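What follows is a single structure, written as structure tokens, with notes after it.
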């Protein structure tokens with residue numbers, strides 16, 4: 005095998021300019037794909053991370069049917085205390101779960117005594133919420149990073165700006181409970197929340213006991229339970245497992261009590277993420293086309309230029325399979341050269357991009373820093389694609405070389 | 077090798093051709109390049125096929141070298157009926173039994189002198205390293221190219237290239253070496269020197285050498301000369317006498 009490589013490399017060195025140009029083309033293709041995958045992948049992961057770690061959690065459990073009417077935040081679709089306790093018992097037994105946070109979600113009126121507007125609120129246990137969505141405090145742009153206390157409210161940035169509300173101001177929250185009774189409570193503004201893309205990205209937060217008080221709940225009712233896993237990569241397998249467990253929990257009417265949704269079903273960003281994946285797939289297809297055409301072109305030329313040599317080695321007894329291997333190894337070596345150079349250059353360019361601190365905007369979010377990252381798995385997959393395609397592209401010319409009649413090849417001028 | 081028993085004399089032949097013909101098709105027209113050629117070549121002999129261009133020398137050498145197949149007749153090389161060998165078997169047979177020397181030397185340009193000679197041992201016969209080195213060095217010494225072993229073909233002269241080609245042809249210990257116009261691209265002095273080396277190799281390794289030429293000056297170097305005209309053997313000359321066919 006080493007002899008095949010030795011001959012292949014010597015033949016590649018024989019036509020230095022052509023080898024350089026082809027390897028350069030493959031290198032550019034690899035660099036471009038690596039850069040695209042790293043930038044889009046990092047953007048996607050950053051957005052997913054931001055949504056799951058500062059708002060949604062990795063998955064959520066609701067009362068069956070809640071999600072269909074989530075836009076109205078229906079209080080009559082909350083989990084009753086008994087159902088929540090049952091759910092809590094199940095969640096506590098799952099070793100994959102790092103934390104979970106019960107929330108009461110409701111809509112109400114927000115008044116500064118001068119102006120009034122509507123608001124969507126989450127009633128939370130601050131300590132449990134922070135364990136479930138640890139990036140939530142990073143969204144509090146004003147307020148000194150203090151945890152949310154009872155009687156305090158974190159309000160969305162846009163509302164604070166439009167209604168000229170500042171930290172320390174007193175505001176009133178008015179809400180109607182599920183029985184139609186209206187109640188109000190004063191809160192002190194303790195934080196202003198940066199808006200983020202996605203559902204709940206412009207919600208306010210209060211303590212869960214305050215929510216119960218505003219809604220005049222005698223016993224706790226929970227709208228949703230956000231769950232954070234220890235290992236995000238196991239989301240699919242865990243959600244299937246938990247879904248299986250929860251489907252066994254039936255109401256008195258024999259209907260399922262709970263429904264489970266991963267972040268993918270809760271956020272429209274999932275479709276953008278899928279589009280990014282699709283674009284990456286098409287970019288990889290383009291790389292395949294570049295490698296296929298360039299390697300095949302070079303190998304066809306190599307066979308055409310070396311017909312007499314092929315005739316000579318065939319005449320002295322080289323078996324067709326070995327002649328085929330000689331050309332396949334040459335194509336493989338060319339692909340490998342492009343892959344090595346492409347990976348090295350790609351990593352250097354990604355490092356430069358990261359050092360440049362390029363910022364971008366997404367939705368209402370501005371100043372997001374582009375942090376390109378490429379995983380070893382991505383590099384491995386891209387490298388394998390190039391190498392496999394190099395071999396495939398070499399096969400046809402190599403096969404042609406191996407099938408040549410030595411007598412005709414020797415006569416070739 | 078085939079044993080031919082005739083009139084109580086047992087003979088062993090490297091090549092036996094019986095009424096061998098070869099037709100080529102050019103468009104719709106069939107051209108007979110060889111017409112019922114018969115001859116026997118004994119082992120360790122130094123044989124030449126001579127004749128003008130188009131007389132069928134190269135065609136005959138291609139048939140003996142299993143690079144092509146006769147249209148009619150019987151052909152045995154090194155005791156094997158080569159008519160029924162398929163593509164793979166032919167390649168294997170050539171690798172084991174026949175060495176080739178080409179008019180244009182046909183050395184592989186990306187390999188050094190040493191590596192060119194090593195090529196058939198590595199890629200055709202899978203000979204182990206130690207044995208390979210021994211055989212190559214012996215032949216390099218024999219053809220006087222040991223000091224040039226690390227040079228590439230484009231760094232040596234035509235005569236030197238042909239010496240390397242002789243060493244490459246002999247390194248697999250073939251029973252038969254075929255040389256098609258081996259001196260055509262060499263000046264006379266070098267041509268005679270190459271033929272001297274071929275003869276020396278024949279004496280040293282007892283290999284049968286068959287070469288073709290149209291150069292009358294070097295024909296005299298052969299021990300047996302077959303003259304070809306229009307695809308037929310018209311004369312057989314044995315050094316010291318003539319046997320008309």
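Protein chains in written order, with the working numbering: chain E, 5 to 417; chain W, 77 to 321. All C-beta atoms in this analysis are idealised placements derived from N, C-alpha and C, irrespective of residue type, glycine included. Keep in mind it's a predicted model, so treat the numbers as computed, not measured.
- A distance below 6 Å between beta-carbons, with the five flanking residues on each side excluded, links residue 56 of chain E to the following residues of its chain, in chain order: 62 and 267.
- Residues 395, 398, 399 and 402 of the same chain have their beta carbon placed closer than 7 Å to that of residue 332 of chain E, with the five preceding and five following residues left out of the count.
- In the three-state reduction of the DSSP assignment, residue 117 of chain E falls in the coil class.
- By the criterion of a C-beta distance shorter than 6 Å, residue 220 of chain W is surrounded by no residue of its chain, once the five residues flanking it on both sides are discounted.
- The beta strand (DSSP E) runs of length 3 or more contained entirely in the stretch 197-246 of chain E are, from start to end of the chain, 208-211 and 228-233.
- Within the same chain, and ignoring the five residues on either side of residue 384 of chain E in sequence, no residue has its Cβ closer than 7 Å to its Cβ.
- Distance from the CA of residue 304 of chain E to the CA of residue 286 of chain E, rounded to the nearest whole angstrom, comes to 27 Å.
- For residue 10 of chain E, no beta strand (DSSP E) run applies; the uninterrupted alpha helix (DSSP H) run containing it begins and ends at 6-18, by DSSP.
- Taking the Cα of residue 169 of chain W as reference, the smallest distance to any Cα among W/243, W/244 and W/252 is reached at W/252.
- For residue 399 of chain E, the three-state secondary structure derived from DSSP is helix.
- Against chain E, the beta carbon of residue 163 of chain W has neighbours under 8 Å at 324, listed in chain order.
- In its chain, beyond the 5 residues on either side, 277 and 280 have a beta carbon closer than 6 Å to the beta carbon of residue 48 of chain E.
- Residue burial is scored here from C-beta neighbours: residue 68 of chain E has at least 16 other C-beta atoms within 10 angstroms and is therefore classed as buried.
- Between residue 290 of chain E and the set E/16, E/26 and E/33, the nearest pair of CA atoms involves E/33.
- Take residue 117 of chain W, set aside five residues on each side of it, and the residues of its chain with a beta-carbon closer than 7 Å to its own are 89, 90, 91, 123, 284 and 286, in chain order.
- Straight-line measurement puts the Cα of residue 135 of chain E at about 21 Å from the Cα of residue 155 of chain E.
- For residue 194 of chain E, the closest alpha carbon among the candidates E/144, E/176, E/37 and E/228 is that of E/144.
- The stretch 253-270 of chain E makes no contact with the stretch 290-299 of chain E; the number of CB pairs closer than 8 Å stays below 3.
- Nearest CB-CB separation between residue 401 of chain E and chain W: not below the 8 Å threshold.
- With respect to the 8 Å criterion, residue 192 of chain E and residue 208 of chain E are not classified as neighbours on the basis of their beta carbons.
- The straight-line gap separating the alpha-carbon atoms of residue 21 of chain E and residue 292 of chain W is approximately 46 Å.
- Listed along chain W, no residue sits closer than 8 Å to residue 22 of chain E by beta-carbon distance, the nearest being about 14 Å off.
- Inside the stretch 190-256 of chain W, DSSP marks whole beta strand (DSSP E) runs of 3 or more residues at positions 252-256, from first to last along the chain.
- At a cut-off of 8 Å, the C-beta of residue 27 of chain E has no neighbouring C-beta in chain W.
- Residues of chain W with a Cβ closer than 8 Å to the Cβ of residue 15 of chain E are, in chain order, 186.
- Contiguous beta strand (DSSP E) elements confined to the stretch 101-134 of chain W occur at 105-117 and 122-126, taking only those with 3 or more residues.
- Nearest Cα to residue 189 of chain E within the set E/197, E/199 and E/174: E/174.
- Using a Cβ-Cβ cut-off of 8 Å, residue 316 of chain E counts as an interface residue toward chain W, since at least one Cβ of chain W sits closer than that to its own.
- Counted as a single uninterrupted DSSP element, the alpha helix (DSSP H) harbouring residue 294 of chain W occupies residues 292-295.
- For residue 321 of chain E, the nearest beta carbon of chain W is closer than 8 Å to its own beta carbon.
- Put simply, the CB of residue 199 of chain W is near chain E, with a gap under 8 Å to one of its CB atoms.
- CA-CA distance, residue 364 of chain E to residue 81 of chain E, rounds to 39 Å.
- Neighbourhood of residue 380 of chain E in chain W, by CB distance below 8 Å: empty, with the nearest CB roughly 35 Å away.
- DSSP places residue 326 of chain E in the helix class (H, G or I) of the three-state scheme.
- Contacts with chain W (Cβ-Cβ distance below 9 Å) from the stretch 287-313 of chain E involve 312 and 313, listed in chain order.
- In the DSSP annotation of this structure, the continuous segment of the beta strand (DSSP E) that includes residue 66 of chain E starts and ends at 63-67.
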